[in-house]
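Residue numbers (this note's numbering), protein chains in the order written: chain A, 1 to 169; chain B, 1 to 293. Think of the CB as a built atom: it goes at the ideal place given N, C-alpha and C, for glycine as much as any other residue. Notes for the one structure printed next.
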Amino acid sequence: MKSRFLNIALAISIGAVILQTTLFDRYVDPFGVTADFVLLVVVVASFRLAEEAAMVLGFSAGLLNDLLGNTLMGVWALVLTVVGYAAVRLRPRIEGNQLLTLGAVFALTLGGELLFAVLGTLFGQQVFSDVNAFKKVLLAAVYNLILASAVVPIFGWLMKPERPSGVLA
Amino acid sequence: MLTNQRFARSTALFLTLVTIAFLLMTFDVRSERGGITGTLRDGAHTLFEPVQAAVNSVVRPIDSSIEALINLAGLRAENARLRQQLDEANRTLAETEVIRSQNEVLLQLSQLDLPGDLLEQSLVARVQSGGSSNFDFSLVLNKGSADGLAQGQPVVNLQGLVGRIVSVTSSSATVKLLTDPDHAVAVQLALSGFVGTASGRGAGDLKFVSSRADGPVESGEVAVTLAGRYPAGLLVGRVAKDAAPAIGAGVQTTIEPAVDFNQLDFVRVILFLPGIDQTPDGEEPAPAGESTP
């Protein structure tokens, strides 16, 4: 069971990275900003995984994102590891409440994007030199919030626990 | 007790992963994106390039069809009786239009007005995928070192300079766009002759700084590349705002890029080696691409 759910999450995150670099970046960018689909997938999956699995998922998805993009290697890996860990920590407070779940997706996306911006700047990527940096961070969080209303139920169905409640992995 | 053990285990894993990520970042910075991290990145691109191409080939026609359907919204109300027919006809038309415009772009790219004999030293490539986030200002092309592409080569389209290649694999190449805040290009204003740098700001106009300019700069003036990292004479954009020189600081203004970075599909890679001026001797830096559509 443990590895099954982690495998599902890893497979989905690989798909998410491919969609992020093809569909989202090239075709779905209202106001010039795309949703951070990989971050969304890590957050939503982490709501249903154990701590270790969530962190491994975040690290793997982030590393793949770094490899397929042109960002410094390890930045997204670190950001998504932290986001996965934070999502697991938030879970007891939001479990069963749809509104709080969406709020958590928004907050974690915002936090993740800001962490990326800070780390990128620290390592010389000049992210804050982008004149639209804050607009991008905010809009990405809004788009993830909108997408989350569809993605959360899909993950709920894909990673449905066999026991009545509790952590999956 | 068990909970404490689990907490300690997960904290240890968290710290390990964070440390690995920090080490990767440090290593990547120190190796200037070459070495093992560069090899890993190239390997990942090579591995995922066919998947990205497949996804693109599925997504591209769907996107064209959706655009066609959106354009039909007004007609639907007026022509309810013919709606189904019109949908199909327009979908086909949109697809045909896409193919026609692609052919047109390819034809124009093959006749692109480039300085010197740069056209003969260039080849056409197609954009395969984009950046991985809102702060990743790069594109991946469907051609690589096997086709003669190399790091540093400039990329143009019909409108002007797009950016330059920062990494290549045998079958793909990553292009850093002009709008990247890490990217700066030496430019010359065609009318006033002032020389300066145009650097990316993430989006919108480029920042132009000329410390040596001693006169005013007028909006609309064409900015072209200077020989060096790029061949001379490639169109970068036009000055967006009038600017007067400040004492001791030269001139600062913005340049509107000639290229629409949201509409990139086919591009031309100039097989130019940075540092070697390949324009003919004595040729003035002409506003290349200005005469192209």
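Within a 10 Å sphere around the beta-carbon of B:N157 sit 16 or more other beta-carbons, which makes this residue buried.
Between B:F14 and the set A:L6, A:V82, A:V42 and A:A133, the nearest pair of CA atoms involves A:V82. The segment 49 to 61 of chain A and the segment 9 to 27 of chain B touch, with three or more beta-carbon pairs separated by less than 8 Å. Contact between A:L158 and A:I8 holds, since their C-beta atoms are separated by about 6 Å, short of 8 Å.
The continuous stretches of alpha helix (DSSP H) do not include B:E32, and DSSP gives it neither H nor E. Close to A:Y143, with beta-carbon spacing below 9 Å, lies no residue of chain B; the smallest spacing is near 10 Å. Only those residues of the segment 87 to 117 of chain A whose C-beta falls short of 9 Å from the nearest C-beta of chain B are listed: V88, E113, F116 and A117.
Taking the beta carbon of B:A203 as reference, the chain A residues within 8 Å of it are G32, D130, V131 and N132, listed in sequence order. In this structure the segment 126 to 136 of chain B touches the segment 25 to 38 of chain A; the number of beta carbon pairs closer than 8 Å is three or more. DSSP links B:I165 through a beta bridge to B:V175. When secondary structure is reduced to three states using DSSP, B:R229 falls in the coil class, being assigned neither helix nor strand. In the DSSP annotation of this structure, the continuous segment of the alpha helix (DSSP H) that includes A:P153 starts and ends at A133 to L158. In this structure, the beta-carbon distance from B:A240 to B:S219 falls below 8 Å.
Taking a contact as a CB-CB distance under 8 Å, the pair B:T179 and B:R164 does not count as one, their CB atoms being some 13 Å apart. Within the same chain, and ignoring the five residues on either side of B:L24 in sequence, the residues whose Cβ sits closer than 8 Å to its Cβ are T37. When Cβ-Cβ separations below 8 Å define contact, B:R212 makes no contact with chain A.
Residue contact check for A:V151 against chain B: no CB pair falls below 8 Å. The Cβ-Cβ distance between B:T174 and B:F208 does not fall below 8 Å. DSSP places B:I247 outside both helix and strand once states are collapsed to three, so it counts as coil.
Under the three-state reduction of DSSP output, B:P181 falls in the coil class, being neither helix nor strand. Residues of the same chain with a CB within less than 6 Å of the CB of B:V105, apart from the 5 flanking positions on each side, are F266 in chain order.
Judged by DSSP in its simplified three-state form, A:A104 adopts helix. For B:T197, the enclosing beta strand (DSSP E) has its first and last residue at V195 to S199.
Here A:F37 carries a helix assignment [DSSP, helix/strand/coil]. Below the 9 Å Cβ cutoff, chain B contributes S133 and N134 as neighbours of A:A140, in chain order. Within the model, the alpha-carbon separation for B:T19 versus B:D117 is close to 50 Å.
Between the beta-carbon of B:L226 and that of B:Q188 there is about 5 Å, and that keeps the pair under the 8 Å contact cut.
Boundaries of the alpha helix (DSSP H) around A:P92: V75 to I94. The segment 133 to 142 of chain A and the segment 105 to 112 of chain A touch, with no fewer than 3 CB-CB distances between them shorter than 8 Å.
Counting along the chain, A:V56 sits inside the alpha helix (DSSP H) bounded by residues E51 to L68.
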